[in-house]
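Residue numbers (my numbering): 2 to 433.
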Ligand code: MEV
């Protein structure tokens, strides 16, 4: 199966919106209405109004008693395969959106991100126990493959009509105790994440596989190690553009490569390195209604595919440029699942304008790479805390009970004195 580097055909507003962060929320909404044609109803949904409340949440989980809100920020400046993307990100960590947008601006000035994504093939696993000679049933399973695929596809004719469906099997024998046979069903889920389809197809083919092998099916479930569904992005940045206060561009680039080598040599560091990558990917996953726990599971399992835990990105220098690349499973959809359950997700889709699962996967890979570079640039120069805590100061003031009209003032003073404790926030608030 070949990877694709797909170009979206939708007319896209520029993702460059200089000064957007300095506007108040009302002015930002006005800007979005102008650029993206958002309606008053859309804006109301963004504000947390409309029908997006506990009544919808009550239909989503058992024993529902409320909703927990996350801020939605826009990752700006992104250019992927020559197309502009305004990227919705739902995340509570203050520096994530700012860091991604800053790096996307720098990458844009060097030609933007290039990305590609494999077709949306999920793996569904059927565990077969009690087969006396697991290796001996291989030929029988190969012979039965057309029937297995027909059985799976009969459950989802619409998916087949869209050009997807089960299109192959893999047979594995695990040297576990007891030894067991595992049959993988490979399913092209087109623009869906595909968890329900994969699980459903696994359940539907299990009796037939039992018949063919003489074994007993137990687990029938998708694999979150979606390594048939990888997304990749890379970028090349002129080192001079990486300059930061007190640090020349080449020095920052050297620091980024040294940070990468640290992660490549040490799983303790690689875990944190990859956490930074997933800061961005999860935020987009949540803002597009995708299963971010599945993304996390796939990413970390993939990071350990060579028998040790490794970084998901790679950075190197040549010819005055810093080069970076990322590759990881990206099981995301633009239709089905929970992608449209909450009406606000439809509004965010109007901003992002990803027309297919593969297009979304490519953008998310680029965001992961940007997020990682943002963290490494800060870590390799002034350190992470200054920028992070400056942005965090407002959350500290809010959590300390400072009234909303005083938040910015108190946060600025916290930054000035370099004390980000709730008691300092209360002291400042009471002193005026
Ligand atoms: C914090 O959320 C993410 C970082 O720790 C990532 C990293 O260390 O690379 C800053």
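Every residue gets a Cβ at the ideal spot worked out from N, C-alpha and C, and that includes glycine.
For residue i, name the three-state secondary structure that DSSP assigns.
| i | result |
| --- | --- |
| residue 421 | coil |
| residue 90 | strand |
| residue 237 | strand |
| residue 350 | helix |
| residue 305 | coil |
| residue 273 | helix |
| residue 431 | helix |
| residue 373 | helix |
| residue 20 | coil |
| residue 12 | coil |
| residue 132 | coil |
| residue 229 | coil |
| residue 331 | coil |
| residue 75 | strand |
| residue 68 | coil |
Should residue i be labelled buried (16 or more other beta-carbon atoms within 10 Å of its own) or exposed?
| i | result |
| --- | --- |
| residue 40 | exposed |
| residue 261 | buried |
| residue 220 | exposed |
| residue 425 | buried |
| residue 303 | buried |
| residue 386 | exposed |
| residue 266 | exposed |
| residue 65 | exposed |
| residue 406 | exposed |
| residue 360 | buried |
| residue 342 | exposed |
| residue 372 | buried |
| residue 418 | exposed |
| residue 60 | exposed |
| residue 414 | buried |
| residue 134 | exposed |
In whole angstroms, what separates the C-alpha of residue i from that of residue j?
| i | j | result |
| --- | --- | --- |
| residue 249 | residue 234 | 26 Å |
| residue 431 | residue 391 | 21 Å |
| residue 229 | residue 189 | 10 Å |
| residue 279 | residue 99 | 15 Å |
| residue 56 | residue 63 | 12 Å |
| residue 79 | residue 259 | 26 Å |
| residue 123 | residue 185 | 10 Å |
| residue 213 | residue 158 | 24 Å |
| residue 82 | residue 114 | 6 Å |
| residue 130 | residue 397 | 54 Å |
| residue 412 | residue 273 | 27 Å |
| residue 205 | residue 89 | 37 Å |
| residue 178 | residue 308 | 20 Å |
| residue 143 | residue 126 | 16 Å |
| residue 268 | residue 156 | 43 Å |
| residue 254 | residue 112 | 17 Å |
| residue 349 | residue 58 | 18 Å |
| residue 21 | residue 49 | 20 Å |
| residue 84 | residue 284 | 21 Å |
| residue 13 | residue 175 | 49 Å |
| residue 240 | residue 25 | 34 Å |
Can you tell me the Cβ-Cβ gap for residue i and residue j, rounded? I've got them flagged as a contact below 8 Å.
| i | j | result |
| --- | --- | --- |
| residue 333 | residue 202 | Contact doesn't hold; Cβ gap of about 19 Å is too wide. |
| residue 187 | residue 167 | 7 Å |
| residue 16 | residue 108 | Wrong, their Cβ atoms sit about 12 Å apart, outside the cutoff. |
| residue 287 | residue 91 | 4 Å |
| residue 363 | residue 118 | 5 Å |
| residue 311 | residue 376 | In fact, because the Cβ distance is near 17 Å, the residues do not count as touching under 8 Å. |
| residue 110 | residue 242 | 6 Å |
| residue 44 | residue 30 | 5 Å |
| residue 232 | residue 116 | 7 Å |
| residue 340 | residue 290 | 4 Å |
| residue 275 | residue 323 | Contact flag wrong, Cβ pair sits at about 19 Å. |
| residue 96 | residue 388 | 6 Å |
With respect to the alpha helix (DSSP H) encompassing residue i, which residues constitute its N-terminal and C-terminal limits?
| i | result |
| --- | --- |
| residue 37 | 26-37 |
| residue 393 | 386-400 |
| residue 139 | 139-144 |
| residue 225 | Taken as a continuous stretch (DSSP letters only), residue 225 belongs to no alpha helix (DSSP H), as it is neither H nor E. |
| residue 250 | 250-266 |
| residue 213 | 196-214 |
| residue 102 | 97-109 |
Taking the continuous beta strand (DSSP E) assigned at residue i, which residues delimit it?
| i | result |
| --- | --- |
| residue 189 | 181-189 |
| residue 165 | Looking at the DSSP string, residue 165 is not in any beta strand (DSSP E), and its letter there is neither H nor E. |
| residue 355 | Note, residue 355: premise wrong, no beta strand (DSSP E); not H, not E. |
Of all the CB atoms in chain C, is at least one closer than 8 Å to the CB of residue i?
| i | result |
| --- | --- |
| residue 189 | Checking the listed chains, one finds no chain C in this structure; it contains a single protein chain. |
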